[in-house]
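Colleague: Quick note, the sequence shown lines up with residues 3 to 132 if you use this note's numbering.
Before I ask anything, let me first share the structure, which is written out below as structure tokens.
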Amino acid sequence: CTGVEDKLQDEVPETISQLQSAGIKMWVLTGDKVETAVQIGQSCNLLNESTYNLVLTDPDATEVEERLKEFQIWLDAAEILHGIAEDLVYSDDEWTESSSSGEGTSIGAPGGTSMQDSPGPPAVLEHQQS
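Here it is as structure tokens:
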């Protein structure tokens, strides 16, 4: 019996945590066994107890479609929950008037954060110093 161990490069878990803290979304596509992929994901801080893992092993087109629908429901629920959490934390008077232009919509949020939704790439959160 032979065993081979791949070690992560130095500071991989810390770097991934910092990228996630900055709001960068990550996906892992692998051909490894599920157990190996999960172990590696946990050791490099990609997976934790609150991570939703969509695992497809030898799926057909119908299974992929069904699982992606389940995943979308989870994303929608997370977005709704996120909105509820914001409502509990911030009162209405902390939000400034929203404005809309042909480029998108922007809202002033508590703490001087400006959020802009545009029809192009994903929205960007930008902290403005007061």
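Just so you know, even glycine gets a beta-carbon here, dropped at the ideal spot from N, CA and C.
1) Which value, in whole angstroms, describes the spacing of the CA atoms of A63 and N50?
2) Are the beta-carbon atoms belonging to S45 and P15 less than 8 Å from one another?
3) With C-beta atoms as the reference, is L58 less than 8 Å away from E65?
4) Going by beta-carbon coordinates alone, are N47 and I26 separated by less than 8 Å?
5) Alpha carbon to alpha carbon, how far is D78 from L31? Give it in angstroms, no decimals.
6) Given a cut-off of 8 Å on the beta-carbon distance, is the pair Y54 and W29 in contact?
7) Could you give the distance in angstroms between the alpha-carbon of E68 and the alpha-carbon of D60?
8) Can you tell me where the alpha helix (DSSP H) holding E16 begins and where it ends?
9) Which residue from E72, Q74, L70, I42 puts its Cα closest to that of Q11?
10) Output the boundary residues of the alpha helix (DSSP H) element that contains Q11.
Modeller: Based on what the coordinates show:
1) In this structure, the alpha-carbon of A63 lies about 28 Å from that of N50.
2) yes
3) yes
4) no
5) 22 Å
6) no
7) 14 Å
8) 14-23
9) I42
10) For Q11, there is no enclosing alpha helix (DSSP H), as DSSP marks it with neither H nor E.
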